[in-house]
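Each remark here refers to the structure printed beneath this line.
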Amino acid sequence: MALTTDDVARLAKLARIELSEAELEHLAPQLDVILESVASVQQVAGPDIEPTSHALPLTNVFREDEVRPSLPREDVLAGAPAAEEERFRVPRILGEEA
């Protein structure tokens, strides 16, 4: 089943993306190829194949946590555009008083 420009337009509307008619015509075949690729993977990945989250059987590859000295507060705030009461000052984004 080929993906039509109407299908792509519906998806774009759901995603709140505005696309021109030329973009719809350009994207429809590309998205169709992607969907076909996903379908072929689904055929290969049957119930006898165990799901994996990584291609290699790696477990914990993180380093051990170790306490190290951090930068002095003055040095950190020296590079800040604005600081107040030993903290970064950032613009209000919610519009309400704290």
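Quick note on this note's numbering: the sequence shown kicks off at 1 and runs consecutively.
Heads up, the beta-carbon is just placed ideally off N, CA and C, and yes, glycines get one too.
- No residue range can be given for residue 70, since it is assigned to no alpha helix (DSSP H) and is classified by DSSP as neither H nor E.
- Per DSSP, the beta-bridge partners of residue 88 are 83.
- Judged by DSSP in its simplified three-state form, residue 4 adopts coil rather than helix or strand.
- In terms of Cα proximity to residue 74, the closest of 62, 68, 65 and 87 is 87.
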